[in-house]
Ligand SMILES: Cc1ncc(COP(=O)(O)O)c(C=O)c1O
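In this note's numbering, the protein residues as written are 188 to 576.
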């Protein structure tokens with residue numbers, strides 16, 4: 188027998204349900220050709236042409252082949268600062284309040300290491316994007332789950348966090364517009380979280396990965412635009428969803444300079460920044476024409492309306508998403524199944540892949556997440572199949 192042993196931290200990580208889903212999917216594909224995958228959180232749009240063109244140009248510049256600046260290229264940080272001011276009326280100092288990331292996940296995952304001491308509490312929403320929980324565990328922190336409920340519009344109730352935990356909570360993750368529930372947060376909710384953070388010395392990390400994907404003329408609120416936010420927190424952004432650039436690995440975090448300095452220090456031990464050509468392509472995304480984003484949003488809202496209409500016809504229970512490309516749908520009672528079993532059932536019976544809610548935490552049990560990263564004709568096909576489920 189091997190004497191190799193992996194770390195306790197790795198053993199403590201929750202089972203990766205998404206690996207099981209991958210397996211289910213590949214088993215299905217082995218014997219079927221009709222899979223429709225509504226599980227993926229990856230836009231099916233191409234990165235817009237001007238961004239790709241800029242990347243090609245930048246590839247030819249030998250200066251870009253060298254190590255980048257570890258904070259991110261100055262030009263990109265300046266472009267982010269202007270973009271934030273225009274979009275959210277928030278002032279950011281490009282030198283101390285902006286840090287470029289290798290995709291937002293990288294920064295989110297390194298943040299607990301910069302904030303938590305061994306045994307500190309970190310507050311994590313349930314359900315949530317799984318990277319928050321695993322990064323807390325890897326940093327030696329203790330997660331405390333803040334339940335998100337439909338009745339509270341999926342925002343955690345600060346008063347429900349026991350004082351003994353609150354006073355030791357060094358970090359709180361928030362994520363609006365929210366994956367998987369697709370809700371947005373309002374100013375009063377953020378203000379409550381800020382008061383909590385001020386009182387307890389907690390750093391708030393608000394994940395704004397879906398900042399630009401809102402419909403019906405709605406505009407998600409930047410956490411940093413709320414009074415006092417910059418004193419206690421930071422906001423994470425991603426190029427992945429806004430510009431359909433998931434594979435490029437580009438994101439950034441902005442806000443409290445002390446938090447960013449600590450995160451930059453952690454990062455300086457781990458990575459050497461983002462390929463400069465990718466950063467210049469990112470500037471093109473932020474400063475170039477917005478028509479591709481507008482077209483993408485329009486297409487998402489067409490798909491959303493189509494799926495919403497169909498699911499309503501079937502009598503399935505969900506709130507119409509105002510943002511993100513996710514539907515958070517209750518497992519219909521008549522099937523009497525938990526979320527994993529229902530996802531398996533949908534795959535076995537109808538070749539439809541969805542994400543079981545339990546993959547986002549125990550409060551996700553009883554739900555499935557449906558992503559609309561497929562063209563309308565495939566969504567129509569899904570609805571046709573569901574009619575005979
Ligand atoms: C809520 C949320 N945050 C962050 C990310 C990671 O995005 P990135 O590609 O910038 O690492 C995702 C990806 O699905 C997400 O859903």
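No residue lacks a Cβ here, since even glycine has one placed at the ideal position from N, Cα and C.
The residues 546, in chain order, have a CB closer than 7 Å to that of residue 205 in the same chain once the five nearest residues on each side in sequence are set aside.
Separation of residue 519 and residue 250 (C-alpha to C-alpha, rounded to the nearest whole angstrom) is 57 Å. As summarised for the segment 287 to 356, the continuous alpha helix (DSSP H) elements at least 4 residues long and confined to that stretch are 291 to 302, 318 to 325 and 350 to 353, given in chain order. Only buried fits residue 297, as 16 or more other CB atoms lie within 10 angstroms of its CB. Between ligand 1 and residue 433, a heavy atom-to-CB distance of less than 7 Å is present. Annotation: the segment 490 to 519 contains the following complete segments of the beta strand (DSSP E) (minimum length 3 residues), in chain order: 513 to 517. Distance from the Cα of residue 539 is smallest, within the candidate group 214, 226 and 210, for 226. No heavy atom of ligand 1 is found nearer than 7 Å to the CB of residue 406. The beta carbons of residue 427 and residue 290 sit about 6 Å from each other, so the pair counts as a contact at 8 Å. Contact between residue 384 and residue 419 holds, with the beta-carbon distance rounding to 4 Å and staying under 8 Å. With three or more CB-CB distances shorter than 8 Å, the segment 353 to 362 counts as touching the segment 292 to 307. In this structure, the alpha-carbon of residue 202 lies about 43 Å from that of residue 244. With a cutoff of 7 Å, residue 427 counts as near ligand 1, since its C-beta is closer than that to a heavy atom of the ligand.
Note on residue 562: under 16 other CB atoms within 10 angstroms of its CB, so exposed under the neighbour-count rule. The C-alpha of residue 209 is placed about 36 Å away from the C-alpha of residue 404. According to the DSSP assignment, residue 382 belongs to no beta strand (DSSP E) but to the alpha helix (DSSP H) extending over 374 to 387. Under the DSSP assignment, residue 394 falls in the beta strand (DSSP E) whose first and last residues are 390 to 394. Close CB contacts of residue 494 within its chain, under the 8 Å cut and outside five residues either way in sequence, are with 514, 557, 559, 566, 569 and 570 (chain order).
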